[in-house]
Structures are given as structure tokens and as C-alpha cells.
Amino acid sequence: MRVGVLRTQVPFVSGGAERHSMGLVNALEARGYEATEITLPFKWYPGNVLADHIAAAKFLDISEVEGVKIDLAVGLKFPAWLAQHPNMVLWVIHQHRQAYDMWEAGTSDLLDDPQGEALRALIHEEDRAAFLASPHPIYANSCNVADRLKRHLGTAATTLYHPPPNAELLRQGDYGDYLFAPGRINASKRLELPLRALVHAPASRLIIAGVAENPAYQKRLYSLAHELGVSGRVEWLGRVDDETLVRYYANARGVVFTPQDEDYGYITLEAMVSGKPVVTTKDSGGPLEFISDGIEGLVVDPDAKALGDAFTFLSEDTATAERMGQAGYMCYAQCNISWDHVVSTLTGQAHLPVTFDAVQKIDAQAPEHGHEVCTEDAVRQLRAAVAPPSRPDNVPFANINELLEAYAFDELPAALGRDEPPIDAGLSGYLGTHWTRFMSTLRQLEGLEISSALDVGVFPPLVFQALLANQFPNIDLHGLWEGPNPYAQSVRPRPGYDVDGFEITLKVANGERDPWPYPDETFDLVTGMEILEHLALDPYFFFCEAARVLKPGGNILITTPNVNSHRGVWKTLNNVAPYSFGIFVPSGGVYGRHNREYAPTELDMLGRSAGFETVRLQTFDVYDRHIEPELANLLVSRRDNLSLRGENIQYLAKKVGSPKGVPQSLYHGDPARMHGELQVVTHEEETGLLTISVRNTSYSIWPLEGDRATCVLAEWVDEAGVLRHQHLMQPLTEVLSPGDEGRIRFTLDAQKQNLGVLRLHLYQSGVGVFSGRGRAVPLSIPCSHSAFLTLVDKTPLPRAKV
């Protein structure tokens, strides 16, 4: 595929946008695409020249070069994205801000142009037309840019983060005695503010890297530092190479970044990757998507005194600086900021089916000689590979407490006329541990059209259903649980909260044993979140029932612990069972504990067997971000597929066909055949003649002979209740297809006094009784010892297949 990356080009200016564009080209080429930048010279003043450049961009045809098609165009900046191409995807770095937020703020050059109003309207009109013409979703490089698009044009955009240019080079070092302020130097970056802040932070030292686009502005900054009396504590590095930049990041106490309404801000991300806290302001825009005050850094009012106090705080408290820096590092890792994600999204590959031929197979041999791995790099690679995606942009809750505050999940207080009780701290703490998993699960559903959903294994409080109700307005929600009774709830927002309420009914069924109480082809989505590992009998049945109740093309989404996670491997190497949750929970019965945890490939195997096609199979660390350096080194050195080593498997698949039969490697026997009924039709007291109906209630034919034939196990229990005999026999005389009924006849006792019990089980030859699976109830009939012996003597034995 040939990909053209479109951006504007201003002579002698090189900054984040230029690095962004080249980073995308390099990422595309590294992944096998033929890619190039297509740059359009751009001058935005005076107004008539701006209009000329807009017209020139519109008339530019970039669909082919010398008869060779350009398959995809990626538009990054205005007006470059106005060029003509039939397959343009827009990844907006920012709009022409002079016509948008800067106009509103009164700082736009267009306000001084006699044709400013007309030019602003023209830019809005051209942007709207370009966004409507694109056959793809609109992407923005940050939530801040996406919010501007929504606010000014009503255009919805999906945030698509990308790594900073030096992400692979950046490293962590000491927490030195200086604050670092790198980046382009222009008025929008407000370097005057940190210079003035130094007046209020006499113990702080500031190192500034970068060159001003306008030399006169640079001179003004020099003069300001001198006038403020802080020039002795300011070091100007000027333009620096990557190695120098990395070194200063690595050894800073913290990083200062105080722009006004920044679009994205590489500096924030570079600081986080370097493990440094970020000092920024409440109006900085992009940095606030990653930095929370007191967590990943300090967020203060945009005034010199507040910023100076923050400088002093960091200068005096190394331990807190380190804690916040490491929190920032973890935050970056959890945001799934990678070129792999960017490229797969922009090229339309993110939602294509994944087959297991594409899953990297592990080379069991020792690493090649000389393949040495830096432990720090190995940890970084593994952490990035299993980092969960960021929270979806349109989720109206930042954490579980906000969600619990927004809804009246308990209907009793309203029914009693009482005030809502405070949020239970224990419940909030428990659900809070699952918040990252909830968010990554919602990410899996992006791009799907869902009007009805069934959650299997759900239980109150229905927090994920509240999230679904907000993501998919008017969704019809249903649930399946063990009961013992059906459960219905009308969940309403608490007063003052503008969120969507919902109705839901939970029906009762054992999800791996009982047919689900819904008609065929009912739902768009079936979810099973943290339920598969609790199943004890038959996960294939679970998948088959999901396929039955899903509409054609509907989706199943499963989340479950990964027994092969990096943490599981580490436990195994240290002689600890690899389960994520291996304790017994007697109060919960057999389903209270994890009965089996799965490898990622097994979910694909189960899904394909049940008629699904894998859309995405990913693993993330959603609970614990700790990584053992020794284990990371081992996995990286053996060229392991790190993306399948996260602690939680997230499997999304689409219904494309019918069940094909159980995956044999997961089963002893064929559970699909193990559905049946035994019923007494007649029992003549005078003669003892007994007629029993045998019905095949499975979806498969019952063979009469050979391995896995359906036969009968007869047991005799004496008058004291002691089992005395067991005998396997074949009383069936014809093959039974699904739904067919056969008859078997025995002669037992004419009299029923002082008798033992004949117990009959349907049995799969070479495997075991159907009743163990819970889908065929044994039949018990009064029977003497002599009658049992006669029955055994006269009934044929199971036959080997001829």
C-alpha cells in the first residue's frame, strides 16, 4: 500500500507537527508500507494570500503519481487536507486556530483583517466539507483537539495518541537539582511565566533547551531574565541534539511545560517516559489529558507565584518528585501510545480479523549468540506491549466513584423516601480495581453498532451496564445469572446528573449447562466478563449458546485471566501456581473460584469451533503494572510475543457461521452429544414390564457403537442405600438424531416390597455419564437384586465400531 502523509510546510520552521508527520512516515515504512510526506507551502497572511493557498490546496490532485495510484492519504493539517484524494483519512493535529479558538480568545490575526469574517467563514465551510467527504472516522491527536472540533464544528472525532519522536531513546536517570524546559520557543509556549516564577523560587534552577523561531523574541526573554534578576539561575542550551536532550530529561528534578491551550504536547509525554513529574498550568490544554495535580505532576494557576511555589516544592522534596515521575511513567504505559496502534487504525487494519497464523510462535531454542538484552529496555518493551488502552473519550466518568455518585443503583432509599446513602467505601474500592478493565473493554466496542446486549454472569451493582447505556443510547440491556430468581431493576440517575438511565432484567440459567432463555438471533452483543474462568463443565456450550442468540454478524466479547501472562510465567518459575486467583471460596460454591484459566489461543480455538471469527485478541495488564525485570529479560531475549503476556485476555469475535464441533484438545469426550432425557412410559405392576423413552435433546447424532457412542450405565443400590453393582450396556437399537426418541424395555419385579433401586444413566462410551454434565437426570426405579442380574444378563454390551 502506498500512503501519502499531507501537511503544510512553513520555511525554516520545524517543530512538533513536522516531527509528527515524519514519525508517521517512518512508522508506516517500518511496517511494510510505502510512505512519503506530501507537503504544501503555507502562508496565512495577509488574508488574500490565505484565500489563495486554500484554493491552491483544493485544486491539488494527489490520487496518483505518473499513473501509479496513491492508495491512502492521511491529512494532518489545514489546508493540506483539502487536496483531492478519494481515500483520505483525517488525523487532525489542529485546525487553523486563527479561525476557531484564537478568534474566540481575541488573539487571532484575522480580527485585524478587513476580510477576517469572510475568511473565517470560508475556513469553517472548507473544513466541514472535508470532514464530511472523508469515508473514514475523523481522528484527532488529542482530546483537546477533538473537543475543539466538536465545539466549533459539531464534528465528532476519536482521539488517537502517538508516541513522541524520542520515545525509544528516552531513559530514566537521577532526580537532579534543575528543572528542565525544552521545546520550541515562541509566545504560545509562555516561557515568560517560568522565568517570572523563578523570582518566587530562589532555590530553583531552570535549564531551557530550544531556539526561538523569531530571534527578537529570544532577545526579549534574555532581557526579561536579566531584569528579573534570575539570569544566574537560567541556563540556555539553544538547539540540542537528541543525545543531549535525552540526558537532560533523564537527570532533571522535573519538567516545566506551561503553554496556553496546547494541542498535544510532546514535552509532556517525553517527561513521562523519562520518569519525571510535569509542572504545568490549569489552562495548558493537552498536558492536562495526562497530568493530574499531585499524581503525575503539579497543575497550578497560570501565575508566577503559584508556579514558583510548585518549583520550590519539587526542589525541596526529591521523594515526591520521584513518586510523581514514576506515576507518570505508568500512566504513559497504560495509554497504549504506540505507532503499531496508530498505523493499524489509520490504515483500517485495527478491526480486521486476526487468525492464529498471524500470532507469533515461540522459538523454544535458546537465543542466538550475541543477542543481548538491556534489562531496562526489556522491562520497557514488556510494559508497553501489555499496556491497556486509554479511557474512551466520551465516557462521562473519570473513575468509579463518579459513576457510583451519578446513579441510584439501590432502589430502596427512594422507595422508603430516604436520602441516598453515601458511597460504600468497600464497594467502591473493589469496583475501582476493575475500572481499567471496564475502560479497556469499552475500547473493544468502539466502532460497533449495538442496540441490544446480553451480559452473561452479571450481578448487581450494574456498573458496566451503566457505562454501556451511556456509550450506546437507547440500548436494550439484558442479563443472565444463577438466580435463584429473576431480577429486574430500573436504574435512574441521581438528581443533578445528566446521564442515561436504563432498564434491565436478569433471567435465570446456568450459562454452561442450561439453554439460555432467549430466542435465536436476538442480540447484537453478548458479553462474558470475568466469567469464563469460573465455568466448570463446558465452555463450548457457553460459546454455542452465545452464537445462537446473536444476530448474524453480532459480536461476542470475553474478558478472562491469562494463565500464560508474564506474571503467571514468573509464578511458575518460582514454584507458585500460575493462577491469577487460585484460592477456594466455599461460600460461592463450585463457581466461587476459578475452575480453569485460559491461554489466549484457547479463546480463538473455542470461538472458531462455535462459528465465530476473531476480530481482536489482545492482552493487557489491567490490575497490576509491576513487571519483574528478570522475567522481562527472559521473554525479550527469547523473542517472545509480548503482546500475549498481559494479565487479562480481551477477545472480540463476530458470528460468521454455525458451531462446528468441540475443540478436541480441550475436552475428554464430546459434550455436545451429552444432552438427553430418560422417562418411564409404562411400568406394569402385574408383569414388571418397564418401557422407557430415550430422547436425544442434543444437536448431534448419537452413534450406537464405538468410542463416544451413547449407551446406558445401570447401577443397583440395595435396601440399605449402598451401591452394590455398576454395569455398562447398550439397550438402544437405532441411531437417534437430534430430537428423536427411542424406546427400551426391561422386565423387572412384579412386586415392589423390600426392593433395592435400579438407577439408569445415559453414558458416553469411553467418557462418562451425561449427568456429570448436568444435562440428563438419572432415572431411579424399584428393582430387586435378582431382577437387576437378569437385566444385566439379557441386555447387550456396548459394541466396538466395526
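Quick note: to get the working numbering, add 250 to the position in the sequence shown (first position is 1). Beta carbons are placed, not taken as given, at the ideal position from N, Cα and C, and that holds for glycine. Keep in mind the model is a prediction, meaning the values are calculated, not measured.
Residues of its chain near residue i, where Cβ-Cβ distance is below 7 Å and the 5 sequence neighbours each way are ignored
i            : result
residue 401  : none
residue 416  : 492, 495, 496, 520
residue 539  : 392, 393, 394
residue 275  : 255, 285, 286, 287
residue 949  : 922, 988
residue 1033 : 966, 998, 999, 1005, 1006, 1007, 1008
6 Å CB neighbourhood of residue i in its chain, flanking five on each side removed
i            : result
residue 481  : 475
residue 267  : 343
residue 346  : 328, 373
residue 597  : none
residue 216  : Missing from the structure shown is residue 216; the chain here goes from 251 to 1052 and no further.
residue 556  : 550
residue 1046 : 980
residue 711  : 659
residue 907  : 861
residue 484  : 456, 475
Distance CB(residue i)-CB(residue j) smaller than 8 Å
i           : j           : result
residue 636 : residue 810 : no
residue 349 : residue 360 : yes
residue 678 : residue 411 : no
residue 501 : residue 423 : yes
residue 998 : residue 978 : no
residue 974 : residue 941 : no
residue 375 : residue 332 : no
residue 919 : residue 958 : yes
residue 589 : residue 380 : no
residue 714 : residue 762 : no
residue 628 : residue 883 : yes
residue 696 : residue 736 : no
residue 443 : residue 552 : yes
Contact set for residue i: own chain, Cβ-Cβ below 8 Å, skip 5 residues either direction
i           : result
residue 799 : 704, 766, 768, 769, 770, 771, 772, 773, 776
residue 895 : 632, 635, 636, 812, 814, 815, 816, 819, 869, 885
residue 314 : 320
Bridge partners - residue i, DSSP secondary structure assignment
i            : result
residue 1014 : 960, 1018
residue 1054 : In the structure displayed, the chain extends from 251 to 1052; residue 1054 sits before or after that span and is not available.
residue 1032 : 1007
residue 805  : 775, 904
residue 430  : 457, 505
residue 800  : 773
residue 731  : 758
residue 535  : 512
residue 549  : 530
residue 435  : 462
residue 966  : 975, 1008
Distance, residue j Cα to residue i Cα
i            : j            : result
residue 947  : residue 342  : 57 Å
residue 270  : residue 326  : 9 Å
residue 1013 : residue 943  : 15 Å
residue 352  : residue 456  : 30 Å
residue 610  : residue 586  : Any reading at residue 610 is ruled out, since the residue's pLDDT is 37, under 50, leaving its predicted position unreliable.
residue 796  : residue 955  : 31 Å
residue 580  : residue 648  : 17 Å
residue 1049 : residue 1016 : 12 Å
residue 1041 : residue 856  : 41 Å
residue 981  : residue 764  : 27 Å
residue 319  : residue 571  : 52 Å
residue 528  : residue 308  : 41 Å
residue 259  : residue 389  : 21 Å
residue 439  : residue 512  : 8 Å
residue 1081 : residue 903  : This structure leaves residue 1081 out entirely; the chain is present only between 251 and 1052.
residue 872  : residue 542  : 20 Å
residue 420  : residue 279  : 22 Å
residue 554  : residue 304  : 40 Å
residue 745  : residue 397  : 26 Å
Short CB-CB distance (under 8 Å) between residue i and chain C
i           : result
residue 655 : No chain C is present in this structure, which holds just one protein chain.
beta-carbon residue i near the ligand HEM non-hydrogen atom, thresh 7 Å
i           : result
residue 949 : For the structure depicted, the ligand HEM is absent and the ligand set is empty, with no information on it obtainable.
Report yes or no: do the segment 721 to 741 and the segment 755 to 764 share at least 3 C-beta pairs separated by less than 8 Å? yes
Is the segment 886 to 893 touching the segment 778 to 794, taking contact as three or more C-beta pairs under 8 Å? no
Counting Cβ pairs, one atom from each stretch, are 3 or more of them under 8 Å apart for the segment 251 to 260 and the segment 278 to 287? yes
Do three or more CB pairs link the segment 498 to 507 to the segment 414 to 434 at distances below 8 Å? yes
With a threshold of 8 Å, are at least 3 pairs of Cβ atoms found where one atom belongs to the segment 814 to 822 and the other to the segment 875 to 887? yes
Is it true that the segment 845 to 863 meets the segment 934 to 941, where meeting means three or more beta-carbon pairs spaced less than 8 Å apart? no
Stretch-stretch touch, CB-based, cutoff 8 Å, three pairs: the segment 688 to 696 with the segment 661 to 670: no
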